[in-house]
Amino acid sequence: MNVDPLVNESPEPIVSDASETPTRHRSWLGAVWRSRNGRIGLIIVAIVLIGAACGLAGLTPYPPDLQNPNVVLKGVSFAHLFGTDQFGRDVFSETLQGLGVSLEIAALSVLIAGAIGSLGGIVAGFLGKWTSAVIMRATDMMFAIPTVLFALAIVTALGPSIVDSSIAIGVGWIPIYVRVVRSPVLALRESDFVRAGRVLGFSRARLLFRHILPSVTGVIAVQTSLALAWAILAEAGLSFLGLGPPPPTASLGEMVSSSSSLVNIAWWTLVGPSLIIVVAVVGFNFLGDGLRDASDPRTRTQ
Amino acid sequence: MTVLSTIVRRLLSTLVTLLGVSIIIFIVLRLLPGNAVTASLGVSEGLLTHAQVAALDRYYGVGQPAVQQYFSWLHATLTGNLGVSLVSRESVSTLIGTALPVTLELAFFAMLVGVVLGVGVGMFSALHPGRWQDDLGQFVSVVGLAIPSFILGTVLVTYMSFHFHYFPSSLTFVGLFTNPWLNFQQIIFPALVLSLGIAAAILRTTRAAVLEVSNLNFARTALGKGVSRRAFIWRHLFLNALTAVVTMSGIQLGYLLGGTVIIEQIFILPGLGRLLITSINNRDFPVVQSVILIFAAGFVIVNMLVDVFYTSIDPRTRKR
């Protein structure tokens, strides 16, 4: 669980420059596609999302919990892409379902972190000294507790369920959003177009949501992609420890942990879910890089 | 501003942060579960001695309003009363006292391997940008960041025990001073698994920092005036990149502490992480609260030391 937020923070605020009109008329999708990392990320993430949607909708090759005594512990084949487990269940179908659960939790937790954190960051950057000081102090304190431990503490307090896991994972990521969003807002507050708006007598709310928020969506998008990668890892870690949502909702981490006793006779039961975790994490990381390339003209040439 | 006053200021702000951390932990683990905590106390009350019940009452400030509960807890903690385990009926400080050295040793070895590997490979790839050495570094960092330690750990444990019949952790854990060699065998594999992720992050930081420094004017000047390659690499590039590397190492410690929880579970090491997970599963609230407090305090203090360290090595951070 070593996804590091600070590595991904560029030294200067990433602000999609409003004066750069050429970027306006092409879609962000196209801009992401133009960078190599973004292309790789988009393809992987699209595949992962389709897989997760199939898992959640029940569109799997076999029903995930269908036990078939005739195909117990069969290896990888065309009929069973990831083999079968000790009950003859299709590991690929189980993995798709697990991916669905994992992504559901990851998305919910990033939604929590992103909504609260971005709002905190914008407010801390835009409003006066005192509000800013209070928010940043609180952020520092939350930052001082390692995110995984934060999640463990909240799981202890709330108990395991999909929503509780999401809260546990999301809360620890709030301070990262606050920090990443605040610095470009600080810069934007003094920019010409915001000053002009202030002179024209626009309300604070209008300045915030019509002028500043659109300019930091790039930063938020980058951070969201990276946060999703981290949340998938964190969720897998929690459920690996047996602190994820209770059965029968098996997520990927729980599949890894339950396959560890089988791995010597049926390696595929471990490799299937592990592979999907790694692929999903790599995909969201690449997408984050691509989004950054797209929103930051300086790195686009790389 | 002198080094000393910077350090004093940093100490004070660390104290404030620690207080804040304790409030957050109090809210999450005492106020949020509220009745669950008192209920768990009630269940085990018959099993504990009178002195233990009294200690727990002081620890939790049972029957007082929330704010007083907090101060009661703070006072108890600062005077060394970390509560009593509701399951093993031992004092939490005893439990932590036996578990902490294991985690410290694991974290130390993981950090050591991670820093050496990360700085080594990071320098190696930064000195050959765009060549195969650089690709190697990129590969290590992508693999290290993408493969979760619990997958790597699970693979390593099963593979070693099955193919080599070698699984030192299946024996009872021995302390560093009882049997150093067996202890080393038991610690080194979990430490290696943990170190990979740290190495990857430090590698990326080292590479970026060295590349940035090598583009600055003074680097060109140094080369131009004929500084030897070795002196150039270590005195001019490495020393200037060091602050970034040290900062990243401090941050990685947070991930390391989170990582030990999972790795200790896989490798069955009786450290703080394993204690934490067992206690979470048993809803043994006093242990959970104290262990998380210790972890967080350790993280805060190490990061303060990191700050103090680079104030003393890097003159640029002093004036302000």
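As given, the protein sequences belong to chains A and B, one line each in that order. The first sequence: position 10 = 24 (our numbering), numbered continuously. The second sequence: position 98 = 99 (our numbering), numbered continuously. Backbone N, C-alpha and C define an ideal beta-carbon position, used for all residues, glycine too. Because the structure is a prediction, the values reported are computed rather than measured.
DSSP places A:S91 in the coil class of the three-state scheme, outside both helix and strand. Counting C-beta atoms within 10 angstroms of its own C-beta, A:H94 has 16 or more neighbours from the protein chains shown and is therefore classed as buried. For the 8 Å CB-CB criterion, B:T159 and A:N278 form a contact.
Spatial neighbours of A:C68 in its own chain (CB-CB distance under 7 Å, excluding positions within 5 residues in sequence) are listed in chain order as T74 and L110. The secondary-structure analysis by DSSP pairs B:S92 across a beta bridge with B:V85. Beta-bridge partners assigned by DSSP to B:T207: none are found.
One alpha carbon belongs to A:I291, the other to B:A52, and they sit about 49 Å apart. Nearest Cα to B:I252 within the set B:S280, B:G272, B:D308 and B:I234: B:D308. In the three-state reduction of the DSSP assignment, A:D99 falls in the coil class, being assigned neither a helical nor a strand state. By alpha-carbon distance to B:L32, the top candidate from B:R205, B:F219, B:V63 and B:T173 is B:V63.
Against chain B, the beta carbon of A:G251 has neighbours under 7 Å at P149, F151 and I263, listed in chain order. Taking A:L301 as the centre and dropping the five residues before and after it, the same chain places the C-beta of G52, G55, L56, V59 and S239 closer than 7 Å to its C-beta, in chain order.
The Cβ of B:A297 sits closer than 8 Å to at least one Cβ of chain A. DSSP places A:D79 in the coil class of the three-state scheme, outside both helix and strand. Between A:V296 and chain B, the shortest Cβ-Cβ separation is below 8 Å.
Under the Cβ criterion of 8 Å, A:D154 is counted among the residues facing chain B.
In terms of beta-carbon proximity, A:A171 lines the interface with chain B, with at least one pair separated by less than 8 Å.
Residues of chain B with a Cβ closer than 7 Å to the Cβ of A:V270 are, in chain order, F151, I152 and T155. As computed with DSSP, A:D104 is found in a beta bridge with A:T98. Each residue's CA atom was taken as its position, placing A:V293 and A:V162 some 21 Å apart. Among the residues of the segment 258 to 287 of chain A, those with a Cβ less than 7 Å away from any Cβ of chain B are V270, S274, V277, N278 and L284, in the order of the chain.
With contacts defined as CB atoms closer than 8 Å, A:A245 and A:G97 fail to qualify as a contacting pair. A direct Cα-Cα distance of roughly 32 Å separates A:G267 from B:S94. Excluding five sequence positions before and after B:I263, the CB atoms of its chain that fall closer than 8 Å to its own CB belong to S150, F151, G154 and G274, given in chain order. Judged by DSSP in its simplified three-state form, B:A245 adopts helix.
For A:L63, the closest alpha carbon among the candidates A:V230, A:L166 and A:G297 is that of A:G297. Counting only runs of 3+ residues, no beta strand (DSSP E) is found wholly inside the segment 231 to 283 of chain A.
Straight across, the Cα-Cα distance linking B:N216 with B:L57 is about 60 Å.
Per the coordinates, the alpha-carbon of A:F157 lies some 23 Å from the alpha-carbon of B:V116.
Residues of the segment 278 to 303 of chain B with a C-beta less than 8 Å from any C-beta of chain A: I278, I281, N282, R284, F286, V289, I293, F296, A297, F300 and V301, listed in chain order. Remark: C-beta atoms of A:A250 and A:W42 do not approach each other more closely than 8 Å.
The Cβ neighbour count for B:I314, taken over all protein chains shown within 10 Å, is under 16; the residue is labelled exposed.
Within the same chain, A182, I183, G186, A248 and L252 come within 7 Å of A:A165 by CB-CB distance, once the 5 residues on both sides are set aside. Chain-order list of chain B residues neighbouring A:V162: G255, Y256, L258, G259, G260, V262 and I263, by C-beta distance under 9 Å. Counting only the Cα atoms, A:F92 lies some 48 Å from B:V175.
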